[in-house]
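Position one of the sequence shown corresponds to residue 11 (the numbering used here), numbered consecutively onward. Shown next, in structure tokens, is the structure this report addresses.
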Amino acid sequence: MDGLAPGVENLSSAGDDTWRIDVAAIDEALTRPAQEALLREWSPDAVVTDYHFFWNNDIATELGVPCVAFSVIGPFSALVMRLLDSAARESEPASQVVIVHGLPELEIQIPVTELPEFLIRPLKRDDDGFKPCHVALFRCLSVAMNTFEDLEQQYRERYMQVGSLKRGYFVGPVSLPLPPAAAGTSDSPCIRWLGTKPSSSVVYVCFGTYAAMSGDQLRRWRSGWKRQGSRSCGW
Numbered sequence: 011m012d013g014l015a016p017g018v019e020n021l022s023s024a025g026d027d028t029w030r031i032d033v034a035a036i037d038e039a040l041t042r043p044a045q046e047a048l049l050r051e052w053s054p055d056a057v058v059t060d061y062h063f064f065w066n067n068d069i070a071t072e073l074g075v076p077c078v079a080f081s082v083i084g085p086f087s088a089l090v091m092r093l094l095d096s097a098a099r100e101s102e103p104a105s106q107v108v109i110v111h112g113l114p115e116l117e118i119q120i121p122v123t124e125l126p127e128f129l130i131r132p133l134k135r136d137d138d139g140f141k142p143c144h145v146a147l148f149r150c151l152s153v154a155m156n157t158f159e160d161l162e163q164q165y166r167e168r169y170m171q172v173g174s175l176k177r178g179y180f181v182g183p184v185s186l187p188l189p190p191a192a193a194g195t196s197d198s199p200c201i202r203w204l205g206t207k208p209s210s211s212v213v214y215v216c217f218g219t220y221a222a223m224s225g226d227q228l229r230r231w232r233s234g235w236k237r238q239g240s241r242s243c244g245w
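Encoded structure:
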């Protein structure tokens with residue numbers, strides 16, 4: 011992928027300077043002027059803003075229009091990350107596992123060694139540079155999430171409660187526009203390969219950007235699928 015060093019497949023293998031883009035995004039002095047000028051020039055009927063740009067809620071309020079925060083993270087993942095902060099603070103200092111309570115019909119235990127760096131860092135220091143983002147999220151009219159209600163219904167409801175959010179719009183799946191049918195997709199190796207498989211015979215597994223998966227864990231995943239009679243490809 012352009013912009014990433016060779017061998018970097020997720021944040022667990024990226025360097026510390028990877029977070030510079032987040033630091034720049036929440037830098038109000040750096041990022042706000044251009045956004046504010048654009049909003050005031052166009053005077054929109056509503057503002058849909060990224061989670062990082064917390065100041066857009068204040069600008070929308072001044073313009074007298076609603077502000078909706080858009081999150082690319084689904085309710086389940088967002089809920090786990092929300093609960094993980096308090097779970098980590100309640101854990102014993104020497105604990106090797108963080109237990110996430112509060113999930114509907116589910117309890118997750120996560121080894122500290124497998125927590126993504128961005129979730130470990132708050133445990134190492136008291137300051138939270140993203141606090142203004144959290145506060146603005148609560149003040150927004152609503153949050154729009156990249157999912158649909160039937161996929162994560164119980165986690166959607168729980169996340170709205172835990173996050174003290176006013177309302178949620180579930181608008182997924184949102185992705186880049188598909189090419190016109192006339193353009194054809196026969197030159198895509200992936201599409202051609204899928205076309206050779208029976209209907210409902212392919213399982214797509216995505217570990218996400220933040221997953222820290224060791225080689226041994228990947229081999230166990232593959233072994234598990236093989237035991238189910240699946241032929242794994244592309245692990």
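Cβ coordinates follow ideal geometry from the N, Cα and C atoms, glycine included.
Assuming Arg168 and Pro114 form a contact by the criterion Cβ under 8 Å, report the distance between their Cβ atoms to the nearest whole angstrom.
-> Contact holds; Cβ gap of about 6 Å.
Worksheet item: Among residues of its own chain, excluding the 5 on either side of Ser81, which ones have a beta-carbon nearer than 8 Å to its beta-carbon?
Response: Within the same chain, Tyr61, Ala88, Val153, Ala154, Met155, Asn156 come within 8 Å of Ser81 by CB-CB distance, once the 5 residues on both sides are set aside.
Between which residues of its own chain and Trp65 is the CB-CB distance below 6 Å, once the five residues before and five after are set aside? Excluding residues within five positions, the ones whose Cβ falls inside 6 Å are Glu38, Arg42.
- Task: Report the three-state DSSP secondary structure of Trp231 (helix, strand or coil).
- Result: Reduced to three states, the DSSP call for Trp231 is helix.
(request) Label Arg237 either buried or exposed according to how many other C-beta atoms from any shown protein chain fall within 10 Å of its C-beta, with 16 as the threshold for buried. (result) Per the 10 Å Cβ criterion, exposed.
message: Quick check: Ala79 and Leu161, are their CB atoms within less than 9 Å of each other?
response: Not closer than 9 Å, so no.
Put Leu113 into one of helix, strand or coil per three-state DSSP. Strand, per DSSP.
Based on DSSP bridge pairs, tell me the residues matched to Phe180. DSSP lists Met155 as partners of Phe180.
Exercise. Compute the Euclidean distance between the alpha carbons of Pro142 and Arg92, then round it to the nearest angstrom.
Key: If you take the alpha carbons of Pro142 and Arg92, they lie about 15 Å apart.
**Asked** Looking at C-alpha atoms only, which residue of His111, Gly84, Arg50, Ile83 is the closest neighbour of Asp68?
**Response** Considering only His111, Gly84, Arg50, Ile83, the residue with the shortest C-alpha distance to Asp68 is Arg50.
message = My output table needs one value for Arg135: the three-state DSSP class, helix, strand or coil.
response = Confidence is the limiting factor: at Arg135 the pLDDT is only 44, short of 50, which leaves the residue's position unreliable, though a coordinate-based value still follows. DSSP places Arg135 in the coil class of the three-state scheme, outside both helix and strand.
Requested in this report: Taking 9 Å as the cut-off, decide whether the C-beta atoms of Val212 and Leu204 are in contact.
Outcome: A contact, by the Cβ cut-off of 9 Å.
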